[in-house]
Amino acid sequence: MNDPLITLTTDFGTASPYVAAMKGVILSLNPAARLVDLSHDIPPQDVRHAAFFLAGAVRYFPAGTIHVVVVDPGVGTERAVLYVELGKQRLLVPDNGCWKVIHLRLGSIIRVTNRNYWRNEVSNTFHGRDIFAPVAAHLSLGVDPVALGEEATEWANLDGIRMTLIEDGVHGEVVFVDTFGNLITNIVTGPCVSRSIKVTIGDIAVTQGGKTYGDAAPGTLIALRSSFGLLEIAEVQGSAAKRLSAKVGTPVVVRIAPSEPEA
Amino acid sequence: MNDPLITLTTDFGTASPYVAAMKGVILSLNPAARLVDLSHDIPPQDVRHAAFFLAGAVRYFPAGTIHVVVVDPGVGTERAVLYVELGKQRLLVPDNGCWKVIHLRLGSIIRVTNRNYWRNEVSNTFHGRDIFAPVAAHLSLGVDPVALGEEATEWANLDGIRMTLIEDGVHGEVVFVDTFGNLITNIVTGPCVSRSIKVTIGDIAVTQGGKTYGDAAPGTLIALRSSFGLLEIAEVQGSAAKRLSAKVGTPVVVRIAPSEPEA
Amino acid sequence: MNDPLITLTTDFGTASPYVAAMKGVILSLNPAARLVDLSHDIPPQDVRHAAFFLAGAVRYFPAGTIHVVVVDPGVGTERAVLYVELGKQRLLVPDNGCWKVIHLRLGSIIRVTNRNYWRNEVSNTFHGRDIFAPVAAHLSLGVDPVALGEEATEWANLDGIRMTLIEDGVHGEVVFVDTFGNLITNIVTGPCVSRSIKVTIGDIAVTQGGKTYGDAAPGTLIALRSSFGLLEIAEVQGSAAKRLSAKVGTPVVVRIAPSEPEA
Chain Y
1 MNDPLITLTT DFGTASPYVA AMKGVILSLN PAARLVDLSH DIPPQDVRHA AFFLAGAVRY
61 FPAGTIHVVV VDPGVGTERA VLYVELGKQR LLVPDNGCWK VIHLRLGSII RVTNRNYWRN
121 EVSNTFHGRD IFAPVAAHLS LGVDPVALGE EATEWANLDG IRMTLIEDGV HGEVVFVDTF
181 GNLITNIVTG PCVSRSIKVT IGDIAVTQGG KTYGDAAPGT LIALRSSFGL LEIAEVQGSA
241 AKRLSAKVGT PVVVRIAPSE PEA
Chain X
264 MNDPLITLTT DFGTASPYVA AMKGVILSLN PAARLVDLSH DIPPQDVRHA AFFLAGAVRY
324 FPAGTIHVVV VDPGVGTERA VLYVELGKQR LLVPDNGCWK VIHLRLGSII RVTNRNYWRN
384 EVSNTFHGRD IFAPVAAHLS LGVDPVALGE EATEWANLDG IRMTLIEDGV HGEVVFVDTF
444 GNLITNIVTG PCVSRSIKVT IGDIAVTQGG KTYGDAAPGT LIALRSSFGL LEIAEVQGSA
504 AKRLSAKVGT PVVVRIAPSE PEA
Chain D
527 MNDPLITLTT DFGTASPYVA AMKGVILSLN PAARLVDLSH DIPPQDVRHA AFFLAGAVRY
587 FPAGTIHVVV VDPGVGTERA VLYVELGKQR LLVPDNGCWK VIHLRLGSII RVTNRNYWRN
647 EVSNTFHGRD IFAPVAAHLS LGVDPVALGE EATEWANLDG IRMTLIEDGV HGEVVFVDTF
707 GNLITNIVTG PCVSRSIKVT IGDIAVTQGG KTYGDAAPGT LIALRSSFGL LEIAEVQGSA
767 AKRLSAKVGT PVVVRIAPSE PEA
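Chains as they are written, first to last, in our numbering: chain Y, 1 to 263; chain X, 264 to 526; chain D, 527 to 789.
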């Protein structure tokens, strides 16, 4: 059996010592734990970004992996820490809905309240070090999740993701801008983005329905299916985000184009 | 027994191959070493930043962990490389005082001069790869630190950390600005920041003495005890650094407020 | 025997879930693999930067290390994925020449075409997750590289690296700007940069031929041999890139100075 995997996703950056302190706490409790950095560059306190990040990452890990997520505008308030099982993945998350767009079968959800698995002294401002890290370490040592607290009966949702069906299509928005300026939306698409749909972002029509970045001339705006199954708008060899001044929240509309008369 | 841990803290960033080269050198000498990235985003050559980073990170690691620190304006000059034991932590640092605010019991300090543990060819500009990395690898293989060189009898201090007691309080400064724009000062505080103190940063009075970020309305400036035991000035759900145009070195004054007459 | 090492070099950044997904895919196929992040901060689609990064990093790793490189403007087009042996290092790279400045003896080159080692569903836009990651995992499990595809008989070169000999010297260019603003050129130098050469960058003469950053007063521009054996132009305790507004591609000329008459 391999040593247990613990992944880390935070908005701490690494110029501050917060991530380093969490790593130290985990390794002190379980020196055999194997740490995997997913990201420390989630934009500060951006729960939506974290949610779509996790949706694109968590499902690929081996069964039983423990994912620690600290993107937490509510640190120091009464918001709970949750242990959530999704498929065969195990997550420790603030109760802010950041896990709600991961499409895996929901298992147990537990409110993490048993202070026996926390650090002795819990600060008001750094639950990552004082709660998340030690609880993850104890889980990796084999602690049964039911020992962490009571089963949760309610939890926060992820706010502000808008998608509405309209008569001839769907109205959604950009939910994620990747490193290359590609715009990922919250609109699910089939394996091919058909040329018979019309995609509009803001006031701009994206007419080209391509399969991949290489399908069109440099500078062309294309709509394609992202590697996560969501509609994506990209500029070939460019940044759609810059070109369109688009960002998270920019509205995107997809309409079914009326059929052309056959030739 | 677990494989040995070696942490890395540098100002190299990761767009350059310097960190990667160090990792390769360590793993070639000791393939069983387990590397833990603490940070490669220390601001370039900012020894003070490195010092407070280390103070917030090193203490949490398992006994015997080897911490390699390369933040080194003096590379290529005559500044020494030091092996320093602090509590049960072992550090390899440039002799620039970067380890001087870690509050752990000082053990051995050795000047690393024995070239048997260096790379055969030592460049003038990349001691991280040619001295720090191989020495760390040899330590992780069980080399006795006394073999690395002579006991050190003097070493550099950390310059420019100013804190002076004044009649009714203390005069300090911002020493660290974290990812969220929170301002960490060099003023040690007790477990609670009392409402009976007055905190001034630059010309601005920070009247609210809160316990945590969630204690006050968004936009409020609060003074609180940071998770590292130092006085911290934060804006609730905002960036105190931006709000106050504050940065490392901005003066902070704490005064004991005269007691209010009891009601 | 130690668990196999797989290094990762990408231009994905870590705010997006792409690197995380690759790590998950690798660890799901081979939970014993040890992942080493080299960089996720290669400038987007900058193959030249990746090439010089790899030249400064790959050679230091233990024999048999698998290096996964995804800096790939051509994703989704017909460009091949190559398995390349260089010295005792093993690379998985897009066929864009990013491995061509690594000075190690070339061994096998194989076009990676056998879909048995890919993910079942291969997206058009994310070969890192769907081809590179699973192939690396299978290699780490002991799959013989010849099973990956046919031997390659041609491959892309790295475009646009210009170096020409001129009558009294060599004409090259800046190929890499490091974190500190030091300018690394494509001009190979001996162990010492002699004072009898004249280095010109753009219109500026760099008169000082130093050995290291500490050899001259702060602010001095010096030409020295970089830790990778290439001519480097640096400003002592400053940024030569800023000072000279230099960037990748800025021309650099080295001329042999006429001998001074001996005294």
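All C-beta atoms in this analysis are idealised placements derived from N, C-alpha and C, irrespective of residue type, glycine included.
Looking at the backbone, the Cα of S196 (chain Y) and that of R255 (chain Y) are separated by about 9 Å. The alpha carbon of H575 (chain D) has as its nearest neighbour, out of X:D358, X:P280, X:H401 and X:G465, the alpha carbon of X:P280.
Shown here, S459 (chain X) sits in coil according to DSSP, grouped into three states, outside any helix or strand. Between the alpha carbons of E154 (chain Y) and T179 (chain Y) lies a gap of roughly 35 Å. Following the DSSP letters along the chain, one finds R48 (chain Y) inside the alpha helix (DSSP H) bounded by residues V47 to A55. A503 (chain X) is outside the set of residues whose beta carbon lies under 9 Å from a beta carbon in chain Y.
Chain order gives the chain X residues near H566 (chain D) as T277, where near means a beta carbon separation below 8 Å.
It is roughly 13 Å from the alpha-carbon of G764 (chain D) to the alpha-carbon of V703 (chain D). Considering only beta carbons, the part of the stretch 538-562 of chain D lying closer than 7 Å to chain X consists of V562, in chain order. Here the stretch 493-500 of chain X does not lie against the stretch 558-567 of chain D, with fewer than 3 beta-carbon pairs under 8 Å apart. Non-local C-beta neighbours of I365 (chain X) in its own chain, meaning closer than 6 Å and more than five positions away in sequence, comprise L317, A318, V321 and L349, ordered along the chain. Around V199 (chain Y), the same chain offers V206, A223 and V254 as residues with beta carbons nearer than 6 Å, after the five sequence neighbours per side are excluded. Between T591 (chain D) and L404 (chain X), the gap from beta carbon to beta carbon reaches 9 Å or more.
The secondary-structure analysis by DSSP pairs A497 (chain X) across a beta bridge with X:I485. The beta carbon of Q308 (chain X) sits closer than 9 Å to some beta carbon of chain D. For H401 (chain X), the enclosing alpha helix (DSSP H) starts and ends at A396 to S403. With respect to chain Y, the C-beta atom of N449 (chain X) has no partner C-beta closer than 9 Å. For the stretch 79-164 of chain Y, the full-length beta strand (DSSP E) segments reaching 3 residues or more read 81-86, 89-94 and 106-111 along the chain. Y346 (chain X) and P307 (chain X) do not touch by the CB rule: their CB atoms are close to 24 Å apart, not below 8 Å. Annotation: D41 (chain Y) to F12 (chain Y) spans about 7 Å, alpha carbon to alpha carbon. A Cβ-Cβ contact shorter than 9 Å links V70 (chain Y) with H127 (chain Y).
Taking CB atoms only, N387 (chain X) has a neighbour in chain D less than 9 Å away. Residue environment: D466 (chain X) is assigned as exposed (fewer than 16 neighbouring CB atoms within 10 Å of its CB, all protein chains considered). Cα atoms of Y380 (chain X) and S227 (chain Y): separation of roughly 47 Å, rounded to the nearest angstrom. Contacts between S752 (chain D) and chain X, judged by CB atoms closer than 9 Å, involve S386, T388 and F389 in chain order.
Taken through DSSP and simplified to helix, strand or coil, I592 (chain D) comes out as strand. If you check the CB distance, F315 (chain X) and V406 (chain X) do not come in under 9 Å. Residue contact with chain D for P336 (chain X): present (Cβ-Cβ distance below 9 Å to some residue of chain D).
Shortest Cα-Cα distance from E173 (chain Y) to any of Y:P73, Y:L230 and Y:T77 involves Y:L230.
Exposure of R641 (chain D) is indicated by the presence of fewer than 16 other C-beta atoms within 10 angstroms of its C-beta. In this structure, V288 (chain X) and L271 (chain X) do not form a Cβ contact; the two beta carbons are roughly 12 Å apart against a cut-off of 8 Å. With a threshold of 9 Å between beta carbons, E495 (chain X) makes contact with chain Y. One finds Y323 and S490 in chain X with Cβ atoms closer than 9 Å to the Cβ of R129 (chain Y), taken in chain order.
For S508 (chain X), the three-state secondary structure derived from DSSP is coil.
Listed along chain D, the residues sitting closer than 8 Å to F53 (chain Y) by beta-carbon distance are A541, S542, P543 and A546. The beta-bridge partner set that DSSP reports for E173 (chain Y) consists of Y:P251.
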